[in-house]
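Just so you know, the sequence shown maps onto residues 191 to 524 in my numbering.
Note that beta-carbon positions come from the ideal geometry of N, C-alpha and C, so glycine has one too.
Note that the structure is a prediction, hence the values are computed from the model and not measured.
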Amino acid sequence: MDDLQFGTRDKRDHWRPRDPIKPSPLLASPWSMLKVVKWLPHYFYPWNGLFFLTGCIFWFYLTPDVETMKTLEWGWVAYILVRNSVALFLLHGAFELRLYIQRAQGNQFKYNPRWPKETRSNVFMFSSQNIDNMIRTFGTGVPMWTAYEVLMLWAYANGWGFWTTFADNPWGLICLGLVMVVIHEAHFYFTHRMIHSPFLYKHVHSVHHKAVNPSPWSSLSMHPVEHLIYFSGSLIHLIVPSHPLLAIYHLHIAGLGAVIGHIGFDKMVVGDEKAMNTHAYAHYLHHKYFEVNYADGLIPWDKWAGTWHDGTEEGDVRMRERIKLRRERSMAKT
Ligand SMILES: [Zn+2]
Ligand SMILES: [Zn+2]
Numbered sequence: 191m192d193d194l195q196f197g198t199r200d201k202r203d204h205w206r207p208r209d210p211i212k213p214s215p216l217l218a219s220p221w222s223m224l225k226v227v228k229w230l231p232h233y234f235y236p237w238n239g240l241f242f243l244t245g246c247i248f249w250f251y252l253t254p255d256v257e258t259m260k261t262l263e264w265g266w267v268a269y270i271l272v273r274n275s276v277a278l279f280l281l282h283g284a285f286e287l288r289l290y291i292q293r294a295q296g297n298q299f300k301y302n303p304r305w306p307k308e309t310r311s312n313v314f315m316f317s318s319q320n321i322d323n324m325i326r327t328f329g330t331g332v333p334m335w336t337a338y339e340v341l342m343l344w345a346y347a348n349g350w351g352f353w354t355t356f357a358d359n360p361w362g363l364i365c366l367g368l369v370m371v372v373i374h375e376a377h378f379y380f381t382h383r384m385i386h387s388p389f390l391y392k393h394v395h396s397v398h399h400k401a402v403n404p405s406p407w408s409s410l411s412m413h414p415v416e417h418l419i420y421f422s423g424s425l426i427h428l429i430v431p432s433h434p435l436l437a438i439y440h441l442h443i444a445g446l447g448a449v450i451g452h453i454g455f456d457k458m459v460v461g462d463e464k465a466m467n468t469h470a471y472a473h474y475l476h477h478k479y480f481e482v483n484y485a486d487g488l489i490p491w492d493k494w495a496g497t498w499h500d501g502t503e504e505g506d507v508r509m510r511e512r513i514k515l516r517r518e519r520s521m522a523k524t
């Protein structure tokens with residue numbers, strides 16, 4: 191498959207898609223019902239549908255019974271940690287294996303021509319982006335995800351919070367399930383803006399930004415304080431009527447779903463003439479340029495704040511002008 195039919199390569203061999211990325215039409219202006227209906231399948235397929243499915247499998251088949259979870263004991267907590275670690279290893283590892291180890295499609299649709307494995311840098315532990323990112327992911331990332339999940343399950347088992355059942359509140363749970371991704375992205379956008387403030391960026395978020403050429407293992411490679419903030423969106427399940435299945439689904443969107451922006455490839459080639467869109471570009475641009483695309487465009491927060499980058503050369507120009515203007519303003523103040 192020829193990726194130059196879909197995009198261009200600059201002289202440094204960086205590939206970019208030809209079409210600009212657009213925020214979803216959910217709250218676009220002018221609003222169009224037709225556009226929303228056409229876009230709706232993309233809300234579920236492939237990613238959010240997959241995480242709902244994994245959430246269901248985890249809740250129905252891979253979660254201890256309620257009686258066990260009434261008391262906090264190492265046995266079941268360790269089990270949750272291991273099952274989450276295995277799930278993350280399998281999903282993120284599958285992308286790593288196919289795209290970065292087997293290099294099944296070579297450089298096709300790869301934004302950055304360099305391979306993290308071949309780029310040694312002393313900003314990473316052991317000078318290796320992959321080793322550093324895996325230590326952070328499995329050292330504090332999955333344990334933090336697990337801590338929030340254990341808190342939810344333990345609270346549910348003891349009747350603390352506003353837990354409800356599908357039989358008692360079907361429409362409430364369906365509505366909450368449908369807006370779960372919107373809730374996650376809103377929490378991600380505002381907390382992400384917060385950790386880009388100078389103090390928090392320097393001491394916390396810069397760890398995640400060490401990867402300017404992110405790969406699947408970069409997804410949850412964060413400072414522990416960022417992990418604490420990142421997964422805290424799940425606390426909403428203690429505030430509104432919810433169900434542990436939705437809490438697990440929410441944590442899968444955050445934990446497993448972090449891989450989406452860090453795949454490093456615009457499309458995954460799945461057949462001779464077929465390729466699946468990864469939706470990775472908006473967040474890739476955030477890693478490349480730092481001050482754009484704080485969220486992925488489900489709700490057009492970045493568009494409203496003037497920080498949206500659509501991936502085009504015109505987008506580069508707009509970004510440079512915005513940063514120049516901001517510098518001039520701050521210099522005028524001092
Ligand atoms: Zn990232
Ligand atoms: Zn950031």
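Exposed or buried, what is Gly451 when buried is set at 16 or more other beta-carbons lying within 10 Å of its beta-carbon?
The residue labelled residue 451 in the question sits at position 261 within the sequence shown. Buried, since its Cβ has 16 or more Cβ neighbours within 10 Å.
Which residue comes first and which comes last in the beta strand (DSSP E) that contains Met567?
Here the chain covers residues 191 to 524 and nothing more, so residue 567 does not appear.
Helix, strand or coil: how does DSSP classify Asn320 here?
Mapped onto the sequence shown, residue 320 falls at position 130. If DSSP states are grouped into helix, strand and coil, Asn320 belongs with the helices.
What are the residues that DSSP puts in a beta bridge with Asn198?
Within the sequence shown, numbered from 1, the residue matching residue 198 stands at position 8. With the sequence shown as reference, residue 198 is identified as Thr, and Asn is not the correct amino acid for it. In the DSSP output, where bridge partners are listed per residue, Thr198 has Arg206.
Using the beta-carbon of each residue, find all residues closer than 6 Å to any heavy atom of ligand 2 and list them in chain order.
This criterion selects His382, His386, His395, His399 and His476.
Flag this pair as touching only if the region 381-391 and the region 408-427 have three or more C-beta atom pairs under 8 Å; answer yes or no.
Segments in contact, yes.
Only counting the same chain, and skipping five residues up and downstream in sequence, which positions put a Cβ closer than 7 Å to that of Ile270?
Locating residue 270 in the sequence shown gives position 80, where the first residue counts as 1. Hits under 7 Å: Thr336, Glu339 and Val340.
Could you please give me the residues that DSSP links to Phe455 through a beta bridge?
Within the sequence shown, residue 455 is the residue found at index 265, counting from 1. Bridge partners of Phe455: Lys300.
Ser275 by DSSP, collapsed to three states: which one?
As a position in the sequence shown, residue 275 is number 85, starting the count at 1. Helix, per DSSP.
Taking a contact to mean a Cβ-Cβ separation below 8 Å, would you say Lys400 touches Phe480 in this structure?
Residue 400 sits at position 210 when you count from the first residue of the sequence shown. Residue 480 sits at position 290 when you count from the first residue of the sequence shown. Contact: no.
Which residues does DSSP pair with Asn467 in a beta bridge?
On the sequence shown, residue 467 is found 277 positions in, with the first residue counted as 1. Beta-bridge pairing links Asn467 to Lys457.
What are the boundary residues of the alpha helix (DSSP H) that Trp361 is part of?
Translated into the one-based positions of the sequence shown, residue 361 becomes position 171. Counting along the chain, the alpha helix (DSSP H) containing Trp361 begins and ends at Pro360 to Leu368.
Mapping DSSP to helix, strand and coil, what is Trp491?
Counting from 1 along the sequence shown, the entry for residue 491 is found at position 301. In this structure, Trp491 counts as helix in the three-state DSSP scheme.
For Tyr251 and Gln195, what's the separation of their Cα atoms in angstroms?
The residue given as residue 251 occupies position 61 in the sequence shown. The residue given as residue 195 occupies position 5 in the sequence shown. Taking the straight line from one Cα to the other gives about 44 Å.
Taking the alpha-carbon of Pro215 as reference, which of Ile489, Met458 and His499 has the nearest alpha-carbon?
In the sequence shown, the residue the question calls residue 215 occupies position 25. It is Ile489.
Given a cut-off of 8 Å on the beta-carbon distance, is the pair Leu410 and Ala448 in contact?
Taking the first residue of the sequence shown as position 1, residue 410 is located at position 220. Taking the first residue of the sequence shown as position 1, residue 448 is located at position 258. In this structure, Ala448 lies closer than 8 Å to Leu410 by Cβ.
Run through DSSP, which three-state label would Ser219 get?
Here the question's residue 219 lines up with position 29 in the sequence shown. DSSP places Ser219 in coil when its eight states are reduced to three.
On a Cα-Cα basis, can you pick out the residue from Ala522, Thr258 and Ile453 that is closest to Gln298?
Residue mapping note: residue 298 aligns to position 108 of the sequence shown, counting from 1. Looking at the Cα atoms, Ile453 is the closest of the given residues.
Could you tell me the boundaries of the alpha helix (DSSP H) in which Phe328 lies?
Residue mapping note: residue 328 aligns to position 138 of the sequence shown, counting from 1. First-last for Phe328: undefined, no H or E at that position.
In the DSSP assignment, find the alpha helix (DSSP H) that holds Met509 and state where it starts and stops.
If you number the sequence shown from 1, residue 509 lands on position 319. Counting along the chain, the alpha helix (DSSP H) containing Met509 begins and ends at Glu503 to Lys523.
Please indicate yes or no: does the CB of His452 lie closer than 7 Å to some heavy atom of ligand 1?
Along the sequence shown, read from residue 1 onward, the residue named residue 452 stands at position 262. His452: yes, Cβ under 7 Å from ligand 1.
In chain order, what residues of the same chain have a beta carbon less than 6 Å from the beta carbon of Glu286, not counting five sequence neighbours either side?
As a first step, residue 286 is located in the sequence shown; it is residue number 96 there, counting from the start. Here the set comprises Pro406.
Let me know if Asp200 comes out buried or exposed under the rule of 16 or more other beta-carbons within 10 Å of its beta-carbon.
By 1-based counting over the sequence shown, the position of residue 200 is 10. Asp200 comes out exposed.
Would you identify the three-state DSSP class for Ser424, choosing helix, strand or coil?
Locating residue 424 in the sequence shown gives position 234, where the first residue counts as 1. Residue state, collapsed to three classes: helix.
How would you label Thr253, buried or exposed, when you count the other beta carbons within 10 angstroms and need 16 or more for buried?
In the sequence shown, residue 253 corresponds to position 63, counting from 1. Buried, because 16 or more other Cβ atoms sit within 10 Å of the Cβ of Thr253.
If you follow the alpha helix (DSSP H) that Glu481 is part of, which residue opens it and which one closes it?
Numbered from 1 along the sequence shown, position 291 holds the residue referred to as residue 481. That residue, Glu481, is in no alpha helix (DSSP H); it is neither H nor E in DSSP.
Note down the Cα distance separating Asp193 from Trp305, rounded to an integer number of angstroms.
As a working note, residue 193 is residue 3 in the sequence shown. As a working note, residue 305 is residue 115 in the sequence shown. Going from the Cα of Asp193 to the Cα of Trp305 covers about 18 Å.
Under the three-state reduction of DSSP, which class applies to Ser409: helix, strand or coil?
Position 219 of the sequence shown, counted from the start, is the residue given in the question as residue 409. Coil.
Taking C-beta to C-beta, are Met334 and Pro434 nearer than 8 Å?
Position 144 of the sequence shown, counted from the first residue, corresponds to residue 334. Position 244 of the sequence shown, counted from the first residue, corresponds to residue 434. Not closer than 8 Å, so no.
Ser396 bridges to which residues according to DSSP?
For the purposes of this step, residue 396 is identified with residue 206 of the sequence shown, where counting begins at 1. Its beta-bridge partners do not exist; DSSP assigns none.
Does the structure place the region 486-500 close enough to the region 360-380 that three or more beta carbon pairs sit under 8 Å?
Yes: at least three Cβ pairs fall under 8 Å.
According to DSSP, is Trp498 part of a helix, a strand, or is it coil?
Taking the first residue of the sequence shown as 1, we reach residue 498 at position 308. DSSP places Trp498 in coil when its eight states are reduced to three.
Is it the case that the CB of Pro404 approaches a heavy atom of ligand 1 more closely than 7 Å?
Here residue 404 is taken as the residue at index 214 of the sequence shown, counted from 1. Pro404 Cβ: within cutoff of ligand 1.
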